[in-house]
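To start, the structure itself, in structure tokens.
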Amino acid sequence: MSRALLLRLLIAFFGLLFILLTLWAGSHYHFGYYITLVVMLAFAMATFLAELIIVIDSLEKRIKLSYPSLELSPAEQVSVNETLTIYNRLKKQHSVVSTRIALLEFDNIHTMLKRAERGSDYIFHDIYLASMVLLGSLEPGQTFKVVSNLTKRFYWKTGKHASDHSELNFRQARKGVTIERIFVLNTKNELSGLAEIIEEQAQAGIHIYYVFKDSIENLLPYASFAISEDLSSGIVCHREDILGKVTVTTNSEWITDLATRFDEIKAISNVPSSQSS
């Protein structure tokens, strides 16, 4: 039974009860005809107003169901409505190959949102944005653990996303978020090429370690990962050649497994000489 129907039944019940009581009181206390009529009309007006409120509430819910973007901020409404307008336009151009590919990505976004709503793992196509959302959600005293294969300078210095990602690391570390990052290196030359990045992050208060890939092959079945046990959330990159494609997870068992792997890798990792001093 819906809430609106229940309210209508209650109003009808109390309305009938009120009418009977009014008629009884009029007869018992000898109310005049007009007094009785005014009392009954007043209740009828109250009933009408209650019904009007129910109808307006029901209409509001139907409008929000039909136009869910109304619950968003004005800026978000503009973005969503523009996206839907473009989507409808592109559907009419389905014969163009590039258009069909773009429409498939729109379907992928819908699938991703549905999986996120259910709390399932899903694929996200920007390692920087995913990492920034997770890191940016942490409060002072919470911990961000990363096993990273972003071992080239340009991963931290080239492009807006890379520079924004670096700046967020610095801000969060200075704010009191504990960041532990283990760089997974292929060669010693990578270590020297990463010296500037390591120095900057260490000075910002980030705990830096490094380890060579061939020494942790049994411990690291992924290219890289980042986790927050405080938020029970993680980001996993499965392949080195597809850094932009990551799995976002809130699976507690997987997070626990990743945390264990992080601790085991950290135990055999090295601390840069600049940081140890």
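One rule links them: number in our numbering = place in the sequence shown (from 1) + 503.
Just so it is clear, CB atoms sit at the ideal spot from N, CA and C, and this is done for glycine as well.
Ordered along the chain, which non-local residues of its own chain (more than five positions away) have a Cβ less than 6 angstroms from that of residue i?
i       : result
Lys-648 : Glu-683, Ile-730 and Phe-765
Ser-623 : none
Gln-596 : Thr-602
Leu-761 : Phe-728, Ile-730 and Gly-737
Ile-719 : Ile-768
Leaving aside the five residues before and after residue i along the sequence, list all residues of the same chain whose C-beta is less than 7 angstroms from its C-beta, in chain order.
i       : result
Tyr-631 : His-664, Ala-665 and His-668
Leu-671 : Met-635, Leu-638 and Gly-639
Gly-644 : Gly-679
Thr-716 : Thr is not the amino acid found at residue 716; the sequence shown has Lys there. Val-687, Leu-688 and Asn-689, listed in sequence order.
Ile-709 : Asn-672, Ala-676, Ile-682 and Arg-684
Tyr-658 : Ala-665
Ordered along the chain, which non-local residues of its own chain (more than five positions away) have a Cβ less than 8 angstroms from that of residue i?
i       : result
Ala-605 : Leu-593
Arg-742 : Ala-726 and Lys-748
Tyr-590 : Leu-606 and Phe-609
Val-714 : Ile-685, Phe-686, Val-687, Leu-688, Ile-768, Ile-771, Ser-772 and Asn-773
Arg-656 : Gly-696, Leu-697, Glu-699 and Ile-700
Using 8 angstroms for Cβ pairs, my map puts residue i next to residue j. What's the rounded Cβ distance?
i       : j       : result
Thr-753 : Ser-772 : That belief does not hold up - the Cβ atoms of Thr-753 and Ser-772 are roughly 27 angstroms apart, past 8 angstroms.
Thr-681 : Thr-646 : 4 angstroms
Val-650 : Ile-758 : No, Val-650 and Ile-758 are not in contact; Cβ-Cβ is about 13 angstroms, not under 8 angstroms.
Gln-675 : Leu-722 : Between Leu-722 and Gln-675 the Cβ distance is about 26 angstroms, and since that is not below 8 angstroms, they are no contact.
Thr-711 : Pro-775 : Contrary to the premise, residue 711 reads as Ile rather than Thr in this sequence. Right, their Cβ atoms sit about 6 angstroms apart.
At the level of alpha carbons, what is the spacing between residue i and residue j?
i       : j       : result
His-613 : Asn-692 : 43 angstroms
Ser-634 : Asn-652 : 13 angstroms
Leu-697 : Asn-689 : 12 angstroms
Val-751 : Asn-611 : 15 angstroms
Tyr-785 : Cys-740 : With the chain covering 504 to 780 only, the question about residue 785 has no answer from this structure.
Ile-556 : Ala-547 : 14 angstroms
Asn-584 : Asp-629 : 24 angstroms
Leu-782 : Glu-579 : Here the chain covers residues 504 to 780 and nothing more, so residue 782 does not appear.
Lys-660 : Thr-654 : 12 angstroms
Leu-587 : Leu-734 : 33 angstroms
Ile-559 : Phe-551 : 12 angstroms
Ser-582 : Phe-627 : 20 angstroms
(request) Evaluate contact between the segment 613–620 and the segment 702–711, counting only Cβ atoms and requiring at least three cross-stretch pairs below 8 angstroms. (result) no
(message) Quick check for students: name the residue ranges of the beta strand (DSSP E) that lie wholly in the segment 677–718, counting only runs of 3 or more.
(response) 681–688 and 710–715
(request) For the segment 579–650, list the beta strand (DSSP E) runs that are entirely contained and at least 3 residues long, ordered along the chain. (result) 625–627
(request) Starting from the N-terminal side, write out each stretch of the beta strand (DSSP E) that is 3 residues or longer and does not extend beyond the segment 727–761. (result) 727–731, 736–740 and 749–752
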